[in-house]
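*Asks:* Going by our numbering, the first residue of the sequence shown is number 294, and it counts up by one from there. C-beta: ideal position from N, C-alpha, C; glycine also. In this text the structure is predicted, and so the values were computed from the model without any measurement.
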Amino acid sequence: INSELNRPIFMIQMGLIGILFLLAVGLSIYVMNFTLLATIAVIFMGSLYYGYSTIAEPRNFRAIIYSVLAIDILYIFMSLLTFLAFTQYSIAYNAVKLLGKQSGMPVYVYQMPEVARELALYSKAPCYEVASAESLTQAKGNFSILVKHDQLQQLHMESMHLRLLSEMQLVVHKTGTFNKLLQLAKGNGSLENIDFLQYSAP
């Protein structure tokens, strides 16, 4: 019994595989991030070469291998897209990067509970979400504070002797639509100014 794929079905499958490849390449061009675009371009060119070198192989073999390659390139695109967007604009990632040398110092996150929970997963330091400036007065010793810039005045910075470590444009709510992820990767996402502060006990 000949189990070889017939030509019409094979061509349909090749068309779907082509769409996956073009989707990964097209979205990479749309985002226009050099790392992402270069990686996808290299994989795409390698896949084209492999396809040319295996053109004489049976249809079944090509259908399976090309499908795997197409799924892989789309998976790599999504993984890189997420990595580039979140490492550049994630508050938790940048907080660990900035405060890493002070790993034992507690970190208080002002009115951003989702950020506090995420930061607690990655940071070795104790992380707490605080809802009011008054609750910070109960904190003991040295600590760091993460706060939205437009809420900075609520902390009464002068009376608390807070020192600004850094101010960054980051994203508070990373979850959402695929389009939001694309915009973040392009650098056009909805960002907020986040202040990283440090309190030193007198």
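Under 7 angstroms, do S437 and M398 count as touching if we go by C-beta distance?
*Replies:* Locating residue 437 in the sequence shown gives position 144, where the first residue counts as 1. Locating residue 398 in the sequence shown gives position 105, where the first residue counts as 1. Going by C-beta atoms, S437 is nearer than 7 angstroms to M398.
*Asks:* Please list the segments of the alpha helix (DSSP H) lying wholly inside the region 374-419, counting only runs of 4 or more residues, in order along the chain.
*Replies:* 384-392 and 406-415
*Asks:* Flag this pair as yes or no: are the beta carbons of A363 and Q306 separated by less than 7 angstroms?
*Replies:* Counted from its first residue, the sequence shown places residue 363 at position 70. Counted from its first residue, the sequence shown places residue 306 at position 13. Cβ distance not < 7 angstroms, so A363 and Q306 don't count as in contact.
*Asks:* Using a Cβ-Cβ cutoff of less than 7 angstroms, which residues in the same chain neighbour P351 once the five nearest sequence positions on both sides are dropped?
*Replies:* Taking the sequence shown and counting its residues from 1, one reaches residue 351 at position 58. Excluding sequence neighbours, P351 sits near E297.
*Asks:* Helix, strand or coil: how does DSSP classify S437 here?
*Replies:* Mapped onto the sequence shown, residue 437 falls at position 144. Strand at S437.
*Asks:* Check this for me: beta carbons of L367 and A334, under 7 angstroms apart or not?
*Replies:* Position 74 of the sequence shown, counted from the first residue, corresponds to residue 367. Position 41 of the sequence shown, counted from the first residue, corresponds to residue 334. 7 angstroms or more divides the Cβ of L367 from the Cβ of A334.
*Asks:* Taking the alpha-carbon of S477 as reference, which of A378, F314, G308 and N353 has the nearest alpha-carbon?
*Replies:* Within the sequence shown, numbered from 1, the residue matching residue 477 stands at position 184. According to the sequence provided, residue 477 is Leu. The question's Ser does not apply to it. It is A378 whose Cα lies nearest to the Cα of L477.
*Asks:* Under the criterion of a Cβ to heavy atom distance below 6 angstroms, does I333 qualify as lining the ligand NAP?
*Replies:* You won't find the ligand NAP in this model; it holds no ligand whatsoever.
*Asks:* Going by DSSP, which residues form a beta bridge with V464?
*Replies:* Within the sequence shown, residue 464 is the residue found at index 171, counting from 1. BP columns for V464 point to S383.
*Asks:* To the nearest angstrom, report how far apart Y342 and N299 are at their CA atoms.
*Replies:* Along the sequence shown, read from residue 1 onward, the residue named residue 342 stands at position 49. Along the sequence shown, read from residue 1 onward, the residue named residue 299 stands at position 6. Each residue's alpha carbon lies about 24 angstroms from the other.
*Asks:* Identify which residue in I302, M325, L329 and K433 has its Cα closest to the Cα of A494.
*Replies:* Along the sequence shown, one-based indexing puts residue 494 at 201. Among I302, M325, L329 and K433, the Cα nearest to that of A494 belongs to K433.
*Asks:* Determine the contact status of Y401 and Y421, defining contact as a CB-CB distance below 7 angstroms.
*Replies:* Here the question's residue 401 lines up with position 108 in the sequence shown. Here the question's residue 421 lines up with position 128 in the sequence shown. It is a contact, given that the beta carbons lie within the stated cut-off.
*Asks:* From the DSSP output, read off the bridge partner residues of E485.
*Replies:* Looking up residue 485 in the sequence shown gives position 192. L463.
*Asks:* Closest to G308 by CA distance: which of L329, M338, Y359 and V324 is it?
*Replies:* What you label residue 308 is simply residue 15 of the sequence shown in a count that begins at 1. That would be Y359, whose Cα lies nearest to the Cα of G308.
*Asks:* What is the DSSP secondary structure of E427, counted as helix, strand or coil?
*Replies:* Residue numbering aside, residue 427 sits at position 134 when the sequence shown is read from its first letter. Helix.
*Asks:* What is the C-beta distance between F354 and L320, in whole angstroms, given that I count them as a contact (C-beta under 8 angstroms)?
*Replies:* Position 61 of the sequence shown, counted from the start, is the residue given in the question as residue 354. Position 27 of the sequence shown, counted from the start, is the residue given in the question as residue 320. Actually they are not in contact, since the Cβ atoms of F354 and L320 sit about 28 angstroms apart, beyond 8 angstroms.
*Asks:* Counting along the chain, where does the alpha helix (DSSP H) carrying G311 start and finish?
*Replies:* The sequence position of residue 311 within the sequence shown is 18, counting from 1. Segment R300 to V324, the alpha helix (DSSP H) holding G311.
*Asks:* Tell me which same chain residues have a C-beta within less than 8 angstroms of the C-beta of L474, skipping the five on either side of it?
*Replies:* For the purposes of this step, residue 474 is taken as residue 181 along the sequence shown, with counting starting at 1. Once the five neighbours on either side are set aside, the close Cβ partners of L474 are L374, T375 and A378.
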